[in-house]
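Notes follow the structure.
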Ligand SMILES: Nc1ncnc2c1ncn2[C@@H]1O[C@H](COP(=O)(O)OP(=O)(O)O)[C@@H](O)[C@H]1O
Ligand SMILES: [Mg+2]
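Residue numbers (my numbering): 1029 to 1372.
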């Protein structure tokens, strides 16, 4: 197949996306595909006669690991030669239209929230992962909460607040403060006092106007991927220090991931069943990863669903796949295969 792997983009998870994108592109090449890796924000700047030419060109792809801190997007914006406000760089749509499919290695706002999915739909371009609606619903933690609650799925009690309207004490302490449409724990804080609350709001509002304040659930952190309606093995996530924040997510060795999670068969089955229900309720297509917290009373809270979950060396879906005997390359091909079903 001729495949574009689209990565980078203009979101706080840009670096995570580039790391995943390079690995996906390398793996798909090893599987025998013609692959071009393109940064969706910077585009493809080398001249070509026909867009299909770029798939068979030499392109060196080197893996870069994720840094400890999220990227400076203002600096990224300044470094682009192409002018204008488009979040898509030059020639991206034209080259993607010439591919058999575009693999979305993107994460976060610009890439995972449905806008790009809708744009590609309008242009009749095939891509991996959910369509625009599921992407938009799952990206928005406030809408996710409402839809899950309506379907009888437990989520931490919480409210959505806006600048100047963030009442103190409604949720109680400890609580979690996080941007409504964030990812990779960027801007997320666990708060146990008034002064921490104010600082956490200041931080979260740096990223977004809508912020979730929700009850802190003390418990075990579990996550599971759903691919084409079937759950993979469940992972338990145990950060060595603190919570599962940006650093603990992407710096190797800071978090222990147990796969399969050491939980009972009944609990495993319950989580798998629930994860499929969550992805149905949120209208997710093809695949996703659903995050849970399990407290010591046995209550299972759904935190969120990720429509384009991470594919870095420390990421969870590749580990779940490995646990069921599926290599990274096979996983990438499987994600393409199930994504193409959207177009049948
Ligand atoms: N209500 C909560 N109680 C306890 N921990 C939480 C809660 N919400 C988030 N967290 C912690 O923050 C991390 C990121 O939160 P999550 O809602 O999954 O957002 P995202 O992964 O999109 O940044 C979780 O993996 C968990 O460690
Ligand atoms: Mg999460």
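Glycine is no exception: its CB is placed at the ideal position from the N, C-alpha and C atoms.
Small disclaimer: the values here were computed from a predicted structure and weren't measured.
CB of residue i to nearest heavy atom of ligand 1: below 7 Å?
i, result
"residue 1332", "yes"
"residue 1211", "yes"
"residue 1249", "yes"
"residue 1296", "no"
"residue 1245", "yes"
"residue 1190", "no"
"residue 1272", "yes"
"residue 1242", "yes"
"residue 1288", "no"
"residue 1204", "yes"
"residue 1075", "no"
"residue 1216", "yes"
"residue 1184", "yes"
Just to confirm the assignment, what range does the alpha helix (DSSP H) spanning residue i have?
i, result
"residue 1346", "1344 to 1351"
"residue 1090", "No alpha helix (DSSP H) holds residue 1090; DSSP gives it neither H nor E."
"residue 1280", "Where residue 1280 is concerned, there is no enclosing alpha helix (DSSP H), given that its DSSP letter is neither H nor E."
"residue 1053", "1042 to 1058"
"residue 1104", "1101 to 1106"
May I ask you to check if the CB of residue i is nearer than 7 Å to at least one heavy atom of ligand 2?
i, result
"residue 1319", "yes"
Shorter than 7 Å, the distance from the beta carbon of residue i to the closest heavy atom of ligand 4, or not?
i, result
"residue 1053", "This structure lacks ligand 4; its bound ligands are ligand 1 and ligand 2."
Taking only the alpha-carbon atoms, compute the straight-line gap between residue i and residue j and give it to the nearest angstrom.
i, j, result
"residue 1207", "residue 1226", "14 Å"
"residue 1049", "residue 1121", "17 Å"
"residue 1135", "residue 1336", "6 Å"
"residue 1075", "residue 1110", "14 Å"
"residue 1173", "residue 1302", "14 Å"
"residue 1094", "residue 1309", "32 Å"
"residue 1138", "residue 1158", "14 Å"
"residue 1315", "residue 1164", "14 Å"
"residue 1087", "residue 1205", "42 Å"
"residue 1154", "residue 1031", "10 Å"
"residue 1195", "residue 1349", "43 Å"
"residue 1240", "residue 1211", "13 Å"
"residue 1119", "residue 1125", "10 Å"
"residue 1081", "residue 1070", "19 Å"
"residue 1112", "residue 1039", "17 Å"
"residue 1062", "residue 1357", "14 Å"
Taking the beta strand (DSSP E) that residue i belongs to, which residues open and close that run?
i, result
"residue 1299", "Here residue 1299 belongs to no beta strand (DSSP E); instead the alpha helix (DSSP H) covers 1293 to 1309."
"residue 1332", "1328 to 1334"
"residue 1235", "It is not in any beta strand (DSSP E) - residue 1235 instead sits in the alpha helix (DSSP H) that spans 1222 to 1235."
"residue 1206", "1203 to 1207"
"residue 1287", "It is not in any beta strand (DSSP E) - residue 1287 carries neither H nor E in the DSSP assignment."
"residue 1365", "Taken as a continuous stretch (DSSP letters only), residue 1365 belongs to no beta strand (DSSP E), being part of the alpha helix (DSSP H) at 1356 to 1368."
"residue 1317", "1315 to 1323"
"residue 1217", "1217 to 1219"
"residue 1098", "Segment: none, residue 1098 is in no beta strand (DSSP E) and carries neither H nor E."
"residue 1253", "1247 to 1255"
"residue 1243", "1239 to 1243"
"residue 1267", "1263 to 1267"
Legend entry - Complete runs of the beta strand (DSSP E) confined to the stretch 1112 to 1138 [at least 3 residues]: 1129 to 1132
Inset, instruction - Pick out the complete alpha helix (DSSP H) segments inside the stretch 1129 to 1194, 4 residues or longer, and give them in chain order. - result: Runs of the alpha helix (DSSP H) inside the stretch 1129 to 1194: 1137 to 1140, 1143 to 1151, 1160 to 1167 and 1169 to 1178.
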